Structures are given as C-alpha cells and as structure tokens.
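To start, the structure under review is shown below, and the notes come after it.
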Amino acid sequence: MTATAISPFGTPTPGLRIKEGSPPLTKPTKEEMEAFPAEARNLLDKTWSSQQALLAEGHYDLSWAAGRHILLAGATGPGLGGAFAAALLGTGKAASITVLGRDLSRSINYETGKAMQEQADQANWGSRFHWLNDG
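Pasting the structure below:
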C-alpha cells in the first residue's frame, strides 16, 4: 500500500499480502443467462415461503407497513432487503413499494427485480409497485 490510511481500520495487518487491482469480471454463459429467470422465480418463492412462515408464527409483524410508502435500495438479492421486499409483496400491506437496483441486466438479481414486477402486476398492485434499475 503506497497511500497513508487516515483510519486505523484502513491499515492492513503487518505481513498481509495485498494484491493490487481487481479480478476481471466474468460474463455469464448463455446457459447461465437462460437459467436466471427460473432461479429468480425460485428465489422469490423460497424467500416468500420462509417469510410467510415467520409471519404466521408471529416472529415479526408487518402491520406497521399498512398505508406506508416503502423505499428499498438493493432489495433484489437473497439478503435482508430481498426478504423484506418479498414479505411486503406477499402480504400486500404497504401503500406502495419502490425497489431501487443497480443490477447488471445479465444477472440473477436483475431477473429477480423483473420477477418482483411480474408478481406485483399479477397481484394488481398497479402503480403501487415500482422497480427502478440502473445497472
């Protein structure tokens, strides 16, 4: 490391090997891209079934979301944001949901955003669901 770190947390442990640069981005194969829509739908279904069980058992409650406008950034993956988005979409309690993403168009997260939009359209969310992606 040639630059001086301002934060002590930005200073590497002595002797730690640091490889400058970043790994090259790999493009998904045609077969992987063809599988993304099904994988995204599966992820959304699996996430919703998990959240549905937690809601039914009273582990958490989304009644506070009724009538509120919810903005979620980066909620198209398998993490907390994606689980929250799936739960809100599944229960239909929120007044509106806006999901912001920066997913590459050839990625499972991009396809998950599309699947969320399709689910919202099928549930007649109309203009209450917005998926904005600039990846």
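Last residue of the sequence shown: 1272 (this note's numbering), numbering continuous.
Heads up, the beta-carbon is just placed ideally off N, CA and C, and yes, glycines get one too.
Just so you know, these numbers come straight off a predicted model, no measurement behind them.
Considering only N1261, A1193, A1210 and P1160, the residue with the shortest C-alpha distance to D1271 is A1210. At the C-beta level, T1213 and N1246 come within 8 Å of one another. Inter-residue distance for P1215 and T1184 is about 8 Å (C-alpha atoms, whole angstroms). Within the stretch 1162-1211, complete beta strand (DSSP E) segments of at least 3 residues are found at 1206-1210, given in chain order. Counting along the chain, I1234 sits inside the beta strand (DSSP E) bounded by residues S1233 to G1238.
By the C-beta density criterion, L1225 is buried, having at least 16 other C-beta atoms within 10 angstroms. A Cβ-Cβ contact shorter than 8 Å links A1232 with R1205.
If you look at N1270, you'll find it in the beta strand (DSSP E) that goes F1266 to N1270.
Note on F1146: under 16 other CB atoms within 10 angstroms of its CB, so exposed under the neighbour-count rule.
In the DSSP assignment, I1155 falls outside any alpha helix (DSSP H) and carries neither an H nor an E. DSSP places G1219 inside the alpha helix (DSSP H), whose first and last residues are L1217 to T1228. In this structure, the beta-carbon distance from A1257 to F1266 falls below 8 Å. Residue state for T1148 is assigned as coil, using DSSP reduced to three classes.
Contact annotation: V1236 and A1220 have beta-carbon atoms that are not nearer than 8 Å.
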